[in-house]
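Below: one structure, written as structure tokens.
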Amino acid sequence: MRLGWDEIARRAKAFSEEWDDAHYEKGETQSFYNDFFEVFGIKRRQVAVYEQRVKLIENKQGFIDLFWPRTLLIEQKSAGLRLDRAQGQALDYLNGVHPTEQPRWILTCDFQRWNLLDLESGKELRFRLADLHKHVTAFDFMLGRKVSFERQETVTIKAAELMGRIHDALEDNNYTGHDLERFLVRLLFCMFADDTGIFQPKDIFLQLIENDTLPDGSNVGRVINELFEVLDTPEDQRQANLSGELSAFPYVNGRLFRENLRTPIFDAKMREDLLDACRHDWSAVSPAIFGSLFQSVMDAKERRAKGAHYTSEENILKVIGPLFLDDLREELEALKARKTAKEKLLLEFQARLSRMRFLDPACGCGNFLVIAYREVRRLELECLQELYGNQRIDAELMTRVTVDQFFGIEYEEFPAMIAEVAMWMADHIANNEINEAFRLNYARIPLSGGATICHGDALELDWNDVLPAEKCSFVMGNPPFVGQSYQSKAQRAQMARIIDAPNGRAGSLDYVAAWFLKAGAYLQENNRIRISFVSTNSITQGEQVAQLWPVLFDRYGLEIAFAHRTFNWFSEARGKAHVHVVIVGLTHRNFEPKEKRLFSYPDIKADPVESRHSALTTYLFDAKGASDRHLVVKDTRKPLSAPKAMRMGSKIVDGGHLIFNNNEKADFLANEPAAATYLVPLVGSREYIHNSNRWILSLSSASPAEIRRMSSVVERLRRVSEFRATSKKAATKKLAKFPTEFEVSTIPKDKFLVFPEVSSERRDYVPIGWLDAPTLPSNLVQTFEDATLYDFAILTSRTNMAWLSHVGGRLESRYRYSIGLVYNTFPWPEASPAQRERIEELAQAVLDAREEHPTSSLADLYDPDTMPANLRKAHAALDTAVDRLYRRAPFESDRDRVEHLFGLYEKLVNPLSDAPKQNKRTARKRASRKG
């Protein structure tokens, strides 16, 4: 398993302390660097050698202190010697290194002083040995985690922008639809081929555009279309008098260039845009270009309607790593370490790689397929290197993994085209890696076979028609999210049909849930298939849990094998998509792993922390707190253990005609002063938390005569009636006849506790507290009349906050406090009179701490960056006391709290769930008495 950065930093610190007196180059270098490589969990002898001989100018010889081909060159000096001279010496050594083994990084060091030079970017990092632990991520290339990321990201996004510019110009000139899309995909391939060795010599496509097209652009389209015909024609079938420029191009194949396209008309500006794109360095483009390209030619409205979010390579690896890649890497490392039957087992491993089949049923531009293919080919390459070392091999015979093993379904034609070409490009990149490893010049041209990318609706197609389930190994991807309120009627109908709900409705499920359900049905024909999808975090919290997971568990027999808890998902495209997601990996219960992997994000924008568990709940925490790991928290109308009912605030439904801000209130009262009696504060989540003001005409106590005397009020009531009458909702239409009434009327007569329905996820506590009548709560707060200090204490406790964050729904990423799902299901603790008294004293201390900051709003007080120390301490003391009501041992984390609460919830909804445990305890007691 790869080490996490925390562990690497810990090892680095220990390394620094152990070697803090090192100074002698000849006597200590090798031990020093053996230990340094161990910091990263790497056996130095597996990747690097000492004293590598190189030829220098004038037939002189030199010796590189440590050399890792294609990665790192180290020049070591004794303490106190000049590192600038050492770096010059290292740069001289590069002249004697074979081009295929040129390293990217040079490290010069005298044990205590370190200088790391990135030859590609020119950036240098200087630090002392004692600070190594602060800079370990600079060595992430040692773990295969740095692939020219900064340059690659910049190059990739620039490439997408250049292609987007060409697209827009052609589309503006009425060159649209299928022809435009196919033309762009072919251009994409040609520019990539020009920079990566598919076309030889390099840059012949660029030279064709520069030399054979006119400056005004008038013949660009004709020249390019003629090239497309050439690329579709085998060399021995081409016309004898074909121009030399065109005859130099290889035969690619007819699958990409077979179809004739309309000739696009270019002008001088469009020709320059094309030349800019051709001059771009396409060899450094990441496979994520295809998602970026697709985004760059779609507008924001289309992206939202289709739920199109695109993916960084880092996030794709979070899906495919625990799905299959980590296990395969671990297996390969074990095979490499074997002493017997090694060759046979490695060949069997390679053969198994070639038998695997991968399906992405929402493949978009093929990013998941591209990265998965790249990683499987790299495993195969490592296997071949272990088998054949530095021997020259016949790559065409020895490589067995091909793009034919990869399958996708995509709704839109254009990204489906891109996905197909992306896989060919990924194949060429993988072949180039074979070339570098074995010093070959192998290219799979003309293209043969290819990934199967089906253009169609994945929710309508039978996936067996694309890839029969019995041949499939893994299903993966990033399906469209599309929340309930954004789904079309057709999408809602699809959802209802796929979930096969008794009432014919799909509930509040996000569109992504349909892919989980389709995958579950697909897996029934082959229980060995493993599944991993990216999803909105909505399916693992809130009301969607009870709608989706019982179907996956009970109907399809699935279990959660691994998961990434909520983190920030981002793309590498123009107009980046930032959403909060989870990743869920599923297997059939007949083949579930003994250990379930869980990746948690203390910071949703940072790296995860991994833990292992025997079982995971649908809320993505350890299931040890409950006997039934499939248990889901269901919305309930009555509290299961709370002492009182919580009530939603008033739902006005007035079209804004009864509500005023401060200025509107002043203007209104200037014309209608008699209405002042009926204008009361209106408080929702925002008003309560931020101390802002709104007002509402509350006329429930006004007589008809009083209302008639206020003409401005009568006019506003008329508008309310008109607004309600136009509603599509029958209940609201009916309410049009009663404009002074609300759809839900909550009008407290006395002091009442308010709980904001929505609150920022950044806060450790949702700010709650009391308000006085005649303040009118809106439906954006929950209300609690006759609340005691003890009630306040339990509701503001860390334990209740943990329940909310894990079980409650979200509005975007903000917490949503639902009465039925959160409050009514929350297991309240039992407390003695003395405990209650102590809890109330601590609750009052929280309120007193707030009062010490009278000019600060609750938003100020509960912002984690500005929360006063006295308030934080008061909450901490209260949290500790409330925790002890649940158990004596302190909770280690919120997840620990929720696991405990989950067990209590199970007892509330299923009192018999504890019976087996009780029976076992009773039996043990009886046995001990007999003994």
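Residue numbering for the sequence shown follows full-length UniProt numbering, starting at 1 and increasing by one per position.
Just so it is clear, CB atoms sit at the ideal spot from N, CA and C, and this is done for glycine as well.
Keep in mind it's a predicted model, so treat the numbers as computed, not measured.
Assumed close pair residue i, residue j - CB separation to whole angstroms, cut-off 8 Å
i, j, result
"L323", "W463", "With 8 Å as the limit, L323 and W463 do not qualify as a contact, their Cβ atoms being about 17 Å apart."
"residue 974", "M425", "With the chain running from 1 to 931 in the structure shown, residue 974 is simply not present."
"S535", "V551", "Actually they are not in contact, since the Cβ atoms of S535 and V551 sit about 15 Å apart, beyond 8 Å."
"D110", "L81", "6 Å"
"E543", "T587", "With 8 Å as the limit, E543 and T587 do not qualify as a contact, their Cβ atoms being about 26 Å apart."
"A831", "L871", "Actually they do not touch by this definition, with Cβ atoms about 24 Å apart."
"L631", "L598", "Their Cβ separation, rounded to whole angstroms, is 18 Å, which puts L631 and L598 out of contact at 8 Å."
Cβ neighbour criterion (16 or more within 10 Å) applied to residue i
i, result
"N590", "exposed"
"H98", "exposed"
"P210", "One point to set straight first is that residue 210 is Glu, not Pro, in the sequence displayed. Exposed: under 16 other Cβ atoms inside 10 Å."
"Q52", "buried"
"I539", "buried"
"N693", "exposed"
"T618", "buried"
"R718", "exposed"
"A193", "buried"
"T29", "buried"
"I57", "exposed"
"A90", "buried"
"Y815", "buried"
"G122", "exposed"
"R11", "buried"
"P215", "exposed"
C-alpha distance - residue i paired with residue j, whole-angstrom precision
i, j, result
"I320", "G585", "9 Å"
"D404", "A451", "5 Å"
"P868", "K269", "60 Å"
"N779", "E687", "12 Å"
"W803", "R763", "14 Å"
"V898", "L789", "23 Å"
"F149", "D118", "Confidence in F149 is poor, its pLDDT being 39 and thus under 50, which makes the residue's placement too unreliable to answer from."
"A845", "Y862", "15 Å"
"K792", "S641", "It should be noted that the sequence gives Phe, not Lys, for residue 792. Going from the Cα of F792 to the Cα of S641 covers about 15 Å."
"F63", "S16", "26 Å"
"P643", "R637", "14 Å"
"S857", "A169", "52 Å"
"E706", "T677", "11 Å"
"E330", "A458", "33 Å"
"S698", "A501", "42 Å"
"R338", "D896", "41 Å"
"Y393", "Q350", "In the sequence as displayed, the identity of residue 393 is Ile instead of Tyr. Looking at the two C-alpha atoms, the distance is approximately 15 Å."
"E595", "L771", "50 Å"
"R258", "G456", "21 Å"
"V758", "A9", "39 Å"
"N435", "D273", "33 Å"
"P602", "D894", "11 Å"
"Q76", "V39", "18 Å"
"L517", "I768", "39 Å"
"M142", "V49", "15 Å"
Test item: CB-CB of residue i and residue j under 8 Å
i, j, result
"C472", "I418", "no"
"I42", "N173", "no"
"A277", "M356", "no"
"D879", "S818", "no"
"A159", "V285", "yes"
"K318", "H564", "yes"
"S600", "P593", "no"
"V252", "V421", "no"
"M801", "V766", "yes"
"V633", "V545", "yes"
"Y905", "P829", "no"
"A362", "W549", "no"
"L658", "V714", "no"
"V680", "T775", "yes"
Three-pair Cβ contact test at 8 Å for the region 823-838 versus the region 731-744: Judged by pairs of C-beta atoms under 8 Å, the region 823-838 does not touch the region 731-744, as fewer than three such pairs exist.
Inter-stretch contact at 8 Å, needing at least 3 Cβ pairs: the region 404-415 / the region 243-257: no
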